[in-house]
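In this note's numbering, the protein residues as written are 1 to 252.
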């Protein structure tokens, strides 16, 4: 079964869509950078719980990097972004001597803290993970903390089709999740395989059920009547993170 990669195949077909996705990702990244710079906390050495105030900035940085990497950017982007964030943390530590370190996950499919598991059985995941360690000290005492920040965008697709002469009437069910909880999509892009070609679905009918689930219907004109149909689904979620999954639909 062929697994279709949008970044390597059919460049002409998806150049407009890709341009829109990149624009959305750049906007999302810029907004996250602005928010992180505005709300970097000041650490107090005598309170371990104060380190939790860094989590929103850390999560925003992971989201921004994952949005970039999943849209075709380098998986090294997370290390670069965290290095800049570290400088911001240390420069805002006015009341204590702060040490901040991080370790990017490099196991279980992760490379430099990024994992993109885009499968051919209807399941796709884009994820980021890192461990963060803090130590601080001042005249009032010492404190330390360590925790993991993980995030993921997931898509699960199932479906089938009804053959009507040379046209396949396709129905898909799509589930979208962020960190395992129902989430909303910003946009979808669908393609289906006709012989050696991938065909863009121009006007799919998408019903948003409001709970992270979507019903998608479209017509696919192929030369192979009654044969399985391979469909490629691309999701851009509300955080600017891209997920792709392929699925083989059978006749019902």
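Glycine residues also receive a C-beta, built at the ideal position from the N, C-alpha and C atoms.
Suppose you measure from the CA of residue i to the CA of residue j; what does that come to, to the nearest Å?
| i | j | result |
| --- | --- | --- |
| residue 225 | residue 188 | 26 Å |
| residue 114 | residue 75 | 6 Å |
| residue 210 | residue 156 | 16 Å |
| residue 166 | residue 108 | 43 Å |
| residue 170 | residue 248 | 11 Å |
| residue 239 | residue 105 | 21 Å |
| residue 91 | residue 181 | 35 Å |
| residue 59 | residue 168 | 43 Å |
| residue 174 | residue 192 | 16 Å |
| residue 145 | residue 121 | 40 Å |
| residue 62 | residue 119 | 22 Å |
| residue 202 | residue 195 | 18 Å |
As a quick exercise: from the options, pick the residue whose alpha carbon is nearest that of residue i.
| i | options | result |
| --- | --- | --- |
| residue 123 | 136, 152, 92 and 158 | 158 |
| residue 280 | 231, 165, 169 and 82 | Residue 280 is absent from the model: the chain starts at 1 and stops at 252. |
| residue 130 | 110, 180, 53 and 68 | 110 |
| residue 128 | 201, 156, 112 and 185 | 112 |
| residue 218 | 204, 208 and 68 | 204 |
| residue 103 | 149, 66, 214 and 240 | 149 |
| residue 85 | 67, 243 and 57 | 57 |
| residue 200 | 175, 162, 207 and 190 | 190 |
| residue 197 | 68, 222 and 213 | 222 |
| residue 98 | 164, 121, 134 and 175 | 134 |
| residue 163 | 174, 220, 61 and 90 | 220 |
| residue 101 | 160, 147, 67 and 119 | 147 |
| residue 213 | 67, 121 and 154 | 154 |
| residue 177 | 193, 145 and 243 | 243 |
With the cut-off set at 8 Å, would you say residue i and residue j are in Cβ contact?
| i | j | result |
| --- | --- | --- |
| residue 152 | residue 126 | yes |
| residue 235 | residue 185 | yes |
| residue 254 | residue 207 | Outside the displayed range of the chain (1 to 252) lies residue 254, so it cannot be described from this structure. |
| residue 78 | residue 65 | yes |
| residue 183 | residue 117 | no |
| residue 160 | residue 250 | yes |
By the 10 Å Cβ neighbour count, where 16 or more other Cβ atoms means buried, how is residue i classified, buried or exposed?
| i | result |
| --- | --- |
| residue 252 | exposed |
| residue 241 | buried |
| residue 70 | buried |
| residue 55 | exposed |
| residue 179 | exposed |
| residue 80 | exposed |
| residue 246 | buried |
At the 8 Å Cβ level, is residue i part of the contact set with chain B, yes or no?
| i | result |
| --- | --- |
| residue 140 | The structure shown contains no chain B; it is built from a single protein chain. |
Any heavy atom of the ligand MN inside 7 Å of the beta-carbon of residue i?
| i | result |
| --- | --- |
| residue 158 | Because no ligand of any kind appears in the structure shown, any question about the ligand MN cannot be addressed here. |
Below 8 Å, how does it come out for the region 50–58 and the region 225–235: are there three or more Cβ pairs, yes or no? no
Taking one C-beta from the region 139–149 and one from the region 63–79 each time, how about it: are there three or more such pairs within less than 8 Å? no
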